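Contents: one structure, followed by commentary.
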Amino acid sequence: MMPAAVLFGGSMHDFEIAQSGGHEGRAAWFRRGARAAFSIPGLILVSAFVGFAGLARDAGLTLAETVFMTGVVWALPGKVVLVGAILAGNGLPAAAFAVALSSVRLAPMVVALTPEMRTAKTPTWVLYALSHFVAVTSWVLAMDRFRHVPRPMRTSFYAGLGSTLVLGNMVVVAAVFLIAGRLPPAVSAALFFLTPMYFLTSLWGSARERAGQVAMILGLALGPVFHLLTPDFDLVAAGMVAGLAAFGIHLVGKRRHQA
Amino acid sequence: MTFTAIDAWWWPYVFILVAGWLATDFWRFLGVYLGGRISEESELIVLVRCIATALVAAVIANLVIFPSGALAGTPLLLRVGAGIAGFLAYLAAGKRVIVGILVGEATLGMGLLVFP
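Chains as they are written, first to last, in this note's numbering: chain A, -6 to 252; chain B, 95 to 210.
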C-alpha cells in the first residue's frame, strides 16, 4: 500500500512550504493546485472522460455540444444521466429533473468544502465561482491536500486544481471525440465500457454509509426493470424507488441498533 | 421538448444549459449559500445520497444491459461478467478503482477475442 501522500502526488516539500507560512504569492499556489491535478485520481478521471466522450458521440451529440456539456455541467454523474436522458428521448423537464436528482449531493459537498477555503476576507463571488469546480475528484483531492496549504491560499490552490481538471478534460473529450469514429469495433466497445466500470467501482467506494451501497445494488437491479416498464421515466423512477428503499432499510437498521 | 425537438443550432445548447448546467450548479450555489447550516451527517443528506447513488447506478446498469453503439454487438453475458469481474478485483485490491477498471476491460477484451 502506498502512503496517501505518494498516491495523491503530494510531497514533504509542499508540506514544509505550508509550515513556513504564506510568503509566496497566489500564482505559486495556483500552480501547485494545477500540479495536484496530475495524480492517480486525476488519471482515473481522465479515463472516465475518455469513456464519456465515446458515450456522448454515440448518443448523437456533436463535438461542440459534448465539450460544452463537459465545461458547464462538469460533474460526471450529472452528465452521464443527461446523456442517458437524451438517449431515452426524454423531454426537457424529465431530463432536468433526473439530472437535478443525481446532483443534489453536490450541495453537501460544497457545504463541507467552503468553510475550508473561506477566510474573513474572501469575497463571496469567489466562493460561488469556485463551487462550479466541485465534483467527486476535485473535492477528494482538495479535502486531502488542503492540510498542506495555508488557509488564505486555499482558494488559489483550488482554482488551479479545478480549472486544470475542467480544461484538461475538455481537451481530452475533444481529442477522443475526433478519433472515436476511426477505432476498430473492439476498441470502441472497450471505450464505452469505461463509464460503467468507473462508476461501478467509484460509486461503491464513495458511499459514506452502508445505505449508499444498498442504494447502489438496488439501483443496478431496478434500472433495467424500469427501463422496460416506464421507458420515459425510468431513471427518476428507479432512483426514487431504490433510493427510498435503501433509506428505509437504513432507518430500520438504525432503530434496531438503538433498541 | 426532447433534445432533437427543435431543429435549430441553439436548441441543444439551451437543453444542455437548462437540464445540465442549471440542474447541477443550482445545488453547488445552494451549498455555498447554506454554508455551515446543514450537517454532512443529517438524515436528510443520507436520503439525498441514497437517491443520487441509486439513480446513477440505474444509468450504469442500463448502459451495460441495453447498450448502444459498439458495445451493443457484444454478448450480454460477457458485459455482465466483465462488470462483475472488475468489481470483485476492485474489492480484492483494497478498493482501488484503477484495478477494477483494468480487470473489467481486460475481461471484456479477452472475451471479445474468444467470441468475436
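Yeah, the Cβ is synthetic: ideal placement off N, Cα and C, and Gly gets one too. Fair warning: this is a prediction, and the values are worked out from it, not measured in the lab.
Interface annotation for the segment 170 to 182 of chain A against chain B: P178, A179, S181 and A182, criterion Cβ-Cβ distance under 7 Å. Contact between A:T194 and B:I195 holds, since their C-beta atoms are separated by about 7 Å, short of 8 Å. At least 9 Å separates the beta-carbon of A:A78 from that of B:A146.
Unbroken alpha helix (DSSP H) stretches of 4 residues or longer found wholly inside the segment 175 to 219 of chain A: 178 to 199, given in chain order. Taking 8 Å as the upper bound for CB-CB distance, B:Y107 and A:F61 are in contact here, some 6 Å apart. The shortest C-alpha to C-alpha distance from A:P108 to any of A:L120, A:V97, A:L99 and A:R98 is the one to A:L120.
Residue nearest to B:A117 within the set A:F45, A:A49, A:A100 and A:G26 is A:A100 (criterion: CA-CA distance). By the rule that beta-carbons nearer than 9 Å mark a contact, A:V39 does not touch chain B.
Counting along the chain, the unbroken alpha helix (DSSP H) around A:A135 starts and ends at V129 to R138.
If you compare the alpha carbons of A:A105, A:D225, A:A21 and A:A182 with that of B:L157, the shortest gap goes to A:A182. Membership of B:A183 in the alpha helix (DSSP H) is indicated by the continuous run L170 to A186. Pairing A:V207 with A:A173 gives a Cβ-Cβ distance that is not under 9 Å. In this structure, B:V150 lies near A:F192, with their beta-carbon atoms less than 9 Å apart. Counting other Cβ atoms within 10 Å of its Cβ, A:F170 reaches 16 or more and is therefore classed as buried. Looking at A:F31, A:L94 and A:A89, the one whose alpha-carbon comes closest to that of B:L141 is A:L94.
Excluding five sequence positions before and after A:V43, the CB atoms of its chain that fall closer than 7 Å to its own CB belong to V165, V169, L184 and L187, given in chain order.
Among the CB atoms of chain B, none fall inside 9 Å of the CB of A:T112. Neighbourhood of B:F109 in chain A, by CB distance below 7 Å: L85, in chain order. CA-to-CA, the gap between B:G180 and B:V193 works out to about 8 Å.
Interface annotation for the segment 106 to 132 of chain A against chain B: T107, P108, L120, Y121, S124, H125 and V127, criterion Cβ-Cβ distance under 7 Å. C-alpha of B:F97 to C-alpha of A:T63: approximately 17 Å in a straight line. In the three-state reduction of the DSSP assignment, A:T55 falls in the coil class, being assigned neither a helical nor a strand state. Around the beta-carbon of A:H125, 16 or more other beta-carbon atoms lie within 10 Å, marking it buried. Membership of A:E109 in the alpha helix (DSSP H) is indicated by the continuous run L99 to M110.
If you draw a 10 Å sphere on the C-beta of A:M136, you find fewer than 16 other C-beta atoms in it, and that means exposed. In this structure B:S136 is exposed. Its beta-carbon is surrounded by fewer than 16 other beta-carbon atoms within 10 angstroms.
At a cut-off of 9 Å between C-beta atoms, A:R201 counts as an interface residue with respect to chain B.
Of the other Cβ atoms in all chains shown, fewer than 16 fall within 10 Å of the Cβ of B:L170; this residue is therefore exposed.
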